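Those sequence lines, one after another, are chains A and B.
Here our numbering is used: position 122 in the first sequence is 421, and no number is missing along the way.
Here our numbering is used: position 154 in the second sequence is 453, and no number is missing along the way.
Even glycine gets a Cβ: it sits at the ideal position worked out from N, Cα and C.
Being a predicted model, the structure only gives us computed values, none of them experimental.
Input: a single structure, listed below in C-alpha cells.
Protein chains: 2
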Amino acid sequence: MAHTAGVSIKTVSRVLNRERNVSPETRAHVLAAAASLNYTPNVSARSLAGARSYLIALLYDNPSAAYIADLQAGAFSACRTGGYHLVVEPFDSTGPAVEQAVADLVVKLRTDGLILTPPLSDNPAVLDALDRLAAPYIRIAPGASPERGATVSIDDCGATLELTRMLIRDGHRRIGFVEGHPEHGASRMRREGFLAAHREFGLAPDPELIVPGQFSFLSGVDAGSRLLEHEDRPSAVFACNDDMALGVMSVANRLGLSMPAQLSVVGFDDTPTARVVWPQLTTIRQPVSEMAASATQMLIEGATGEKAEHRQLDFEIILRGSTGHGPYLGVGF
Amino acid sequence: MAHTAGVSIKTVSRVLNRERNVSPETRAHVLAAAASLNYTPNVSARSLAGARSYLIALLYDNPSAAYIADLQAGAFSACRTGGYHLVVEPFDSTGPAVEQAVADLVVKLRTDGLILTPPLSDNPAVLDALDRLAAPYIRIAPGASPERGATVSIDDCGATLELTRMLIRDGHRRIGFVEGHPEHGASRMRREGFLAAHREFGLAPDPELIVPGQFSFLSGVDAGSRLLEHEDRPSAVFACNDDMALGVMSVANRLGLSMPAQLSVVGFDDTPTARVVWPQLTTIRQPVSEMAASATQMLIEGATGEKAEHRQLDFEIILRGSTGHGPYLGVGF
DNA sequence: TCAGCGCATGACAACGCTGTCAAGTTGATT
DNA sequence: AATCAACTTGACAGCGTTGTCATGCGCTGA
Chain A
300 MAHTAGVSIK TVSRVLNRER NVSPETRAHV LAAAASLNYT PNVSARSLAG
350 ARSYLIALLY DNPSAAYIAD LQAGAFSACR TGGYHLVVEP FDSTGPAVEQ
400 AVADLVVKLR TDGLILTPPL SDNPAVLDAL DRLAAPYIRI APGASPERGA
450 TVSIDDCGAT LELTRMLIRD GHRRIGFVEG HPEHGASRMR REGFLAAHRE
500 FGLAPDPELI VPGQFSFLSG VDAGSRLLEH EDRPSAVFAC NDDMALGVMS
550 VANRLGLSMP AQLSVVGFDD TPTARVVWPQ LTTIRQPVSE MAASATQMLI
600 EGATGEKAEH RQLDFEIILR GSTGHGPYLG VGF
Chain B
300 MAHTAGVSIK TVSRVLNRER NVSPETRAHV LAAAASLNYT PNVSARSLAG
350 ARSYLIALLY DNPSAAYIAD LQAGAFSACR TGGYHLVVEP FDSTGPAVEQ
400 AVADLVVKLR TDGLILTPPL SDNPAVLDAL DRLAAPYIRI APGASPERGA
450 TVSIDDCGAT LELTRMLIRD GHRRIGFVEG HPEHGASRMR REGFLAAHRE
500 FGLAPDPELI VPGQFSFLSG VDAGSRLLEH EDRPSAVFAC NDDMALGVMS
550 VANRLGLSMP AQLSVVGFDD TPTARVVWPQ LTTIRQPVSE MAASATQMLI
600 EGATGEKAEH RQLDFEIILR GSTGHGPYLG VGF
C-alpha cells in the first residue's frame with residue numbers, strides 16, 4: 300500500500316488518520332492508492348499500536364427487543380460515520396460478577412467507550428469498575444446519582460407529568476399507575492412526575508391505585524387485574540411502559556370494558572405494537588435511537604472526561620385512540 | 300503476568316490456549332496467577348499475532364427488531380462460551396456496494412466468521428466477495444442456491460405445508476396467501492409449501508388469493524384489503540409472517556369480520572405481538588435464537604470448510620385463537 | 001553406554017500499525 | 001547571505017500476543 304502510493308508507511312497512516320501537516324498532493328496520492336487497492340487499515344494493529352481501538356461496546360440487560368434494536372441502530376449509525384465498530388454484549392445485571400465481566404471486556408477489547416443502558420446504567424459496581432479502569436462510558440437514562448459520568452436521557456419526570464396532567468384535564472380523577480421495574484432509574488422519575496401532576500391540581504392519588512410492575516406484558520396483566528377488579532376502579536391507567544399498558548388493555552378486554560369510553564390507558568415508549576392494537580395506544584415517544592447516536596458521538600469525540608456532559612433530548616407525546624384523542628378505528632397511517 | 304507465574308510469556312500463552320505439552324503443575328501455577336491478577340489476553344494482540352481474532356460478525360438488514368434480538372441473543376451466548384465477541388453490523392442489502400462494505404469489514408476486523416441473515420444470506424455478490432477473501436460464513440435461512448457455504452435453517456416449506464394442511468382439514472377451501480418479501484429466500488419456500496398442501500388435497504388455489512407482501516405490517520394491511528374486500532373472500536388467510544398477519548387482522552377488524560368465526564388468520568415467526576393481540580395469532584415458531592447459536596458454534600469450531608454442513612432445526616406450530624384453536628385472551632385491535 | 005525420541009519450556013521474530021524523533025526542505029526574517 | 005521557524009517526510013521502536021525453532025531433560029531400547 301505504502302509502496303503503491305510511493306510514500307512511507309507512516310505517511311499513509313497520517314493521511315488515513317487525517318493528521319495535519321501532509322501536503323495536499325501526497326494526501327491525494329495516498330487516497331487514490333488506497334481507493335484502488337481497497338485498502339482499509341487493520342483495526343487490531345491500530346488498537347495495539349495506538350491509543351484507540353475503534354471499538355465501542357453497547358452493554359445491555361433489557362428484555363425489550365424494540366428498545367435494544369433502536370439503541371443499536373442509533374449507536375451503529377454514529378459508529379459508521381466515525382469509522383468505529385460496535386460490539387454488543389448482554390449482561391445479567393443481577394449476576395454476581397457483572398463488574399468483573401465488564402472489566403474483562405474492557406481489558407480484552409480495549410474498547411474506546413462503553414454505552415450503558417438501563418438498568419446497567421445505574422449499577423454502582425459497574426460504574427466503579429469502569430472508573431477504576433479509566434474507561435469512558437455514557438449512561439443512558441440513568442436514575443440514581445445522575446451526576447456520575449456523562450449521561451444521555453429524556454426528562455422522564457416531565458414527560459410523565461405532562462401526560463398525567465392531560466389525563467386530569469380530561470376529567471380523570473382516579474388514575475391507576477403501574478410502576479416500572481424497580482431497578483430502572485426511570486421508574487422512580489416517572490412515578491415522581493405522576494405524583495407531581497396530582498399535586499399541581501391539588502389531588503391526592505389513591506395509594507391503592509399505584510401498583511408495582513416489571514416492564515413486562517405479564518406484569519401489566521397482573522397490575523391490570525388488581526386495578527380494574529378494584530371495587531372503585533380507576534377511569535384511566537398510566538402504565539410505565541407500553542408492554543404493561545398492553546397487559547392492562549388485555550385485562551380491560553377480558554372484563555368487557557370499552558376503551559376509551561370506560562377506560563383510558565396510556566403507556567410509555569411508543570413501541571411498534573402500540574400502533575397495531577386497537578384502540579391504538581396513547582404513549583410517549585423517546586428518541587431512543589437518537590439517544591444512542593448521541594452517546595456514541597460523545598464517546599468518539601472523547602467528550603466524557605472532566606466536563607462530563609449531560610444531554611437531555613426531547614420526548615414527544617403521541618395521542619391516540621386509547622385516550623380518545625386519536626383515530627379509533629382503522630389503521631390510520 | 301508471566302513474571303508472577305514464574306514462567307515465560309510463551310508458556311502463559313500455551314496454558315491460556317489449552318495447548319498440549321504443558322505440565323499439570325505449570326498449568327496450575329499459570330491459571331492461579333491469571334486468576335489472582337484478573338488477567339485476560341488482549342484480543343487485538345492475539346488477532347494480530349495469531350490466526351484467530353475471536354470476533355464474529357453478525358450481519359443483518361432486517362426490519363424486525365424481535366428477529367434480530369433473538370438472533371443476537373443466540374449468537375451471543377455461543378460467543379461467550381467460546382470466548383468470542385460479537386460485532387453487529389447492519390447493511391443496506393439493496394445498496395450499491397454491499398459486498399465492498401462487507402469485504403472491508405472482514406479486512407479491518409479479521410473476523411473469524413460472519414453470520415449472514417436474510418436477505419443478506421441470499422446476496423450472491425456478498426457470497427462471492429466472502430469466498431474471494433476465504434472468509435468463513437454461515438447463511439441463516441437461505442433461499443437460493445442452498446448448497447453454497449454452510450447453512451442453518453428450518454424447513455420453511457414443510458412448516459407452511461403443515462399449517463396449510465391444517466387449515467384445509469378445518470374445512471377451509473378458499474385460503475388467501477400473503478407472500479413474503481421477494482428477496483427473502485424463505486418467501487419462495489413458504490409459497491411452495493402452501494401450494495403443496497393444496498395439491499395433497501387435490502385443490503387448486505385461486506391465483507387471485509395469492510397476493511404480494513413485504514413482511515411489513517403495512518404491506519399486510521394492503522394485502523388484507525385486497526383479499527378481504529374481494530367479492531368471494533377467503534375464509535382463511537396465511538400470511539408469510541406475523542407482522543403481515545397483524546395487518547390482515549386489522550383490516551378484518553375494520554370490516555367487522557369476527558375472528559375466527561368469519562375469518563381465520565395465521566402468521567409465521569411467533570413474534571411477541573402475536574400473543575398480545577386478540578384473538579391471539581396462530582403461527583409458526585422458528586427457533587431463531589438456537590439457529591444463531593448453532594451458526595456461531597459452527598463458525599467457532601471452524602466447521603465451514605469443505606464439508607459445509609447444512610443444519611436444519613425444528614419448527615413448532617403454535618395454535619391459538621385466530622384459528623379457533625387456543626385461548627381468546629388478548630388485546631383487541 | 002549411547003543414540004534416539006518425546007515432552008516441556010523458552011528465545012526470538014513476526015503481526016500491521018502508531019508515537020517519537022530526527023532529517024530534510026521551504027520561505028520568511030535579519 | 002545567514003538564521004530560524006514551520007512544515008513535510010521517513011526511520012525506527014514498540015504495542016501484546018502467537019508461530020517457529022532451539023534447547024534441555026528423562027526415558028527407551030540396542
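Paired residues, beta bridge with residue i - DSSP
{"i": "B:Gln611", "result": "B:Ser452"}
{"i": "B:Ala464", "result": "For clarity, residue 464 of chain B is Arg in the given sequence; the question names Ala instead. Paired residues: none, contrary to the question."}
{"i": "B:Asp568", "result": "B:Arg584"}
{"i": "A:Arg447", "result": "DSSP, once it has assigned bridges, lists no residue as partnering A:Arg447."}
{"i": "A:Arg438", "result": "A:Leu415 and A:Thr450"}
{"i": "A:Tyr359", "result": "A:Pro389"}
{"i": "A:Glu476", "result": "One detail in the question is off: residue 476 of chain A reads as Phe in this sequence, not Glu. DSSP output for A:Phe476 lists A:Ile509 and A:Phe537 as bridge partner(s)."}
{"i": "A:Ile599", "result": "BP columns for A:Ile599 are empty, so no partner."}
{"i": "B:His384", "result": "B:Leu354"}
{"i": "A:Val520", "result": "The partner list for A:Val520 (beta bridge, DSSP) is empty, contrary to what the question assumes."}
{"i": "B:Ser563", "result": "B:Ala535"}
{"i": "A:Ile616", "result": "A:Ile583"}
Nearest candidate by alpha-carbon position, reference residue i, set the options
{"i": "A:Val329", "options": "A:Ser593, A:Thr310 and A:Arg345", "result": "A:Thr310"}
{"i": "B:Glu600", "options": "B:Lys407, B:Ile355, B:Leu429 and B:Leu370", "result": "B:Ile355"}
{"i": "B:Leu336", "options": "B:Arg379, B:Leu315 and B:Met300", "result": "B:Met300"}
{"i": "A:Met590", "options": "A:Leu429, A:Thr450 and A:Arg319", "result": "A:Thr450"}
{"i": "B:Glu499", "options": "B:Leu618, B:Arg464, B:Phe514 and B:Gln513", "result": "B:Arg464"}
{"i": "B:Leu612", "options": "B:Leu598, B:Arg584, B:Arg619 and B:Gly623", "result": "B:Arg584"}
{"i": "B:Met488", "options": "B:Leu370, B:Ser444, B:Arg326 and B:Leu358", "result": "B:Ser444"}
{"i": "A:Phe516", "options": "A:Val477, A:Gly501 and A:Leu385", "result": "A:Val477"}
{"i": "A:Glu482", "options": "A:Thr582, A:Gly442, A:Ala348 and A:Val387", "result": "A:Gly442"}
{"i": "B:Asp427", "options": "B:Gly484, B:Ala350 and B:Arg447", "result": "B:Arg447"}
{"i": "B:Asn361", "options": "B:Pro504, B:Gly305, B:Asp391 and B:Pro323", "result": "B:Asp391"}
{"i": "B:Ser343", "options": "A:Gly501, A:Glu608, A:Thr410 and A:Thr570", "result": "A:Thr410"}
{"i": "A:Val406", "options": "B:Phe614, B:Val536, B:Thr325 and B:Pro340", "result": "B:Pro340"}
{"i": "B:His384", "options": "B:Gly623, B:Thr595 and B:Ala607", "result": "B:Thr595"}
{"i": "B:Pro389", "options": "A:Pro506, A:Leu466, A:Asp369 and A:Glu388", "result": "A:Asp369"}
{"i": "B:Ser363", "options": "B:Gln513, B:Asn320 and B:Ala592", "result": "B:Gln513"}
{"i": "A:Gly479", "options": "A:Asp541, A:Ser524, A:Gly305 and A:Ala327", "result": "A:Asp541"}
{"i": "B:Ser614", "options": "B:Glu324, B:Phe567 and B:Met597", "result": "Going by the sequence as given, residue 614 of chain B is Phe instead of Ser. Here the closest residue by C-alpha is B:Phe567."}
C-beta contact flag for residue i and residue j at 8 angstroms
{"i": "B:Leu526", "j": "B:Leu508", "result": "yes"}
{"i": "A:Ser588", "j": "A:Gly373", "result": "yes"}
{"i": "A:Pro417", "j": "A:Ala396", "result": "no"}
{"i": "A:Tyr278", "j": "A:Gly382", "result": "Here chain A covers residues 300 to 632 and nothing more, so residue 278 of chain A does not appear."}
{"i": "A:Val564", "j": "A:Ala522", "result": "no"}
{"i": "A:Val547", "j": "B:Thr572", "result": "no"}
{"i": "A:Arg619", "j": "A:Pro578", "result": "yes"}
{"i": "B:Leu562", "j": "B:Ala551", "result": "yes"}
{"i": "A:Gln371", "j": "A:Val387", "result": "yes"}
{"i": "B:Ala332", "j": "B:Thr303", "result": "yes"}
{"i": "B:Thr581", "j": "B:His609", "result": "no"}
{"i": "B:Pro506", "j": "B:His497", "result": "no"}
{"i": "A:Gly349", "j": "A:Asp421", "result": "no"}
For residue j and residue i, believed in contact at Cβ under 8 angstroms, the rounded distance
{"i": "A:Ile616", "j": "A:Glu461", "result": "6 angstroms"}
{"i": "A:Ser557", "j": "A:Val520", "result": "Going by Cβ atoms, the distance from A:Ser557 to A:Val520 rounds to 19 angstroms, so no, they are not a contact pair."}
{"i": "B:Ser621", "j": "B:Pro559", "result": "6 angstroms"}
{"i": "A:Arg438", "j": "A:Leu415", "result": "5 angstroms"}
{"i": "A:Tyr359", "j": "A:Leu315", "result": "No, A:Tyr359 and A:Leu315 are not in contact; Cβ-Cβ is about 32 angstroms, not under 8 angstroms."}
{"i": "A:Ala592", "j": "A:Ser376", "result": "6 angstroms"}
{"i": "B:Ala327", "j": "B:Thr570", "result": "About 49 angstroms separates the two Cβ atoms, so there is no contact after all."}
{"i": "B:Leu502", "j": "B:Ile467", "result": "7 angstroms"}
(request) Inspect the CB distances between the region 522-534 of chain A and the region 460-478 of chain A and report whether three or more fall short of 8 angstroms. (result) They touch, by the three-pair rule.
(request) Taking 8 angstroms as the threshold, find out whether the region 454-463 of chain B comes into contact with the region 492-509 of chain B through three or more Cβ pairs. (result) As far as the Cβ criterion goes, the region 454-463 of chain B touches the region 492-509 of chain B, which means the pair count is three or higher.
(request) Please confirm if the region 431-438 of chain A is in contact with the region 401-412 of chain A, defined as three or more CB-CB distances below 8 angstroms between the two stretches. (result) Between the region 431-438 of chain A and the region 401-412 of chain A there are three or more C-beta pairs closer than 8 angstroms, enough to call the two in contact.
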